[in-house]
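So the sequence shown is numbered by the numbering used here: it starts at 553 and just counts up by one.
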Amino acid sequence: MIYNAQFVNEVLENFHNSFMAKKRRWCDIASIEPEGSNYKKKLYQLLYTLRYFPAYYLEYCVLADALRQRVSGKYNNLNVASFGCGICPDYYALKDNLAGVKFQYVGYDRCEWSSQKYLPEISSNNFSFEFFTTDSFELGDLDDVDVFVFPKSIGDIAAGDGLEHLANVIASTKKEKIFFLNSYVSNGSENMSSNAGYFNVVHNALESEGFITSDKVSTAQYKGKFGAGLRSIEYNFCYPEKFLITCDNQGTKTLCGHCGVVKRPVMTNRFMEYQILEYVRE
553 MIYNAQFVNE
563 VLENFHNSFM
573 AKKRRWCDIA
583 SIEPEGSNYK
593 KKLYQLLYTL
603 RYFPAYYLEY
613 CVLADALRQR
623 VSGKYNNLNV
633 ASFGCGICPD
643 YYALKDNLAG
653 VKFQYVGYDR
663 CEWSSQKYLP
673 EISSNNFSFE
683 FFTTDSFELG
693 DLDDVDVFVF
703 PKSIGDIAAG
713 DGLEHLANVI
723 ASTKKEKIFF
733 LNSYVSNGSE
743 NMSSNAGYFN
753 VVHNALESEG
763 FITSDKVSTA
773 QYKGKFGAGL
783 RSIEYNFCYP
793 EKFLITCDNQ
803 GTKTLCGHCG
813 VVKRPVMTNR
823 FMEYQILEYV
833 RE
């Protein structure tokens, strides 16, 4: 597995510089949680990336490496669709870990992630981003996709009442084999989160179309001993202290008691919950 620390540090530096330039507006997002329409706020996009990008990129590197082991020598090209892709850390994980396997990535999201401009420029032509609403998909639209990614997004898709339709479109594929890279919003415990149960909607739709899997749909994973620091899992993981968010006015307002701006980024595997699933048609 390859974790590109130099790339991650470049992302952190770009987003940190932009976020620090907007200090006077931090209180506006102090109580915002990572859900729903909150992602539409550009300032929150910056904070979200600073808090979650390194850890999520690492998790997707684990998944991308697992995918590489399954497809190496069997596929020359892969078509990848990522639903609720946000800032697209899964694309970069695939780019860094699918050695020898070319892929075309389409990321779908219902929010305009204008903060993508702070990411390092993508020199390859294998990336595209499209606005995502599940209702806009029709049967056959995803027939060329080999790999489907749910990057901690399936709960939001389900909350918007679009998961069943998306599952039916996916299951209508003419492919004989497809893969899923699923990452779930963990509850921070060793128990599988309720968020992971949403994939049963997709699984049931696939079964109804004659697909089977030998992978354990009801089991998700985390890497390392539960609660371990991410540096112990991947030596190259590092979150430079200079990119941590501190506030000179901390403690001066009532809002400070539950401020989400100065929370530390994810540094352990307590929020890592993933699975790779391979489906074949009977």
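Glycine residues also receive a C-beta, built at the ideal position from the N, C-alpha and C atoms.
_On the DSSP bridge list, what partners appear for T820?_
G781
*Contact under 9 Å by Cβ, F751 with A607*: no
_Taking a contact to mean a Cβ-Cβ separation below 9 Å, would you say I722 touches L599 in this structure?_
no
_Which residue wins for smallest C-alpha separation from A748, given the options Y736, P703 and V754?_
Y736
*Alpha carbon to alpha carbon, how far is G803 from D580?*
16 Å
_Would the segment 799-818 count as touching the segment 602-619 if we require 3 or more Cβ pairs under 8 Å?_
yes
*Secondary structure of I722, DSSP reduced to three states*: helix
*Could you tell me whether the segment 784-801 touches the segment 637-657, where touching means 3 or more Cβ pairs closer than 8 Å?*
no
_Beta-carbon within less than 6 Å of L829's beta-carbon, same chain only, minus the 5 sequence neighbours each way: which residues are those?_
F732, T765 and D767
*Own chain, CB closer than 6 Å to V832, minus 5 neighbours either side, in chain order*: K729
*asked:* Suppose the cutoff is 7 Å on Cβ atoms and the five residues either side in sequence are ignored; what does the same chain contact list for A616 look like?
replied: A645, L646, N649 and L650
*Would you give the residue range spanned by the beta strand (DSSP E) that Y750 belongs to?*
Segment: none, Y750 is in no beta strand (DSSP E) and carries neither H nor E.
*Distance, Cα to Cα, G762 vs D693?*
19 Å
*How about the segment 688-707 and the segment 564-571: do they share at least three Cβ pairs that are nearer than 8 Å?*
no
*Inter-stretch contact (C-beta, 8 Å, three-pair minimum) for the segment 664-682 and the segment 709-717*: no
*Measuring CA to CA, which of L602, K775, K727 and N590 is closest to A618?*
K775
*In whole angstroms, what separates the C-alpha of N720 from that of A633?*
15 Å
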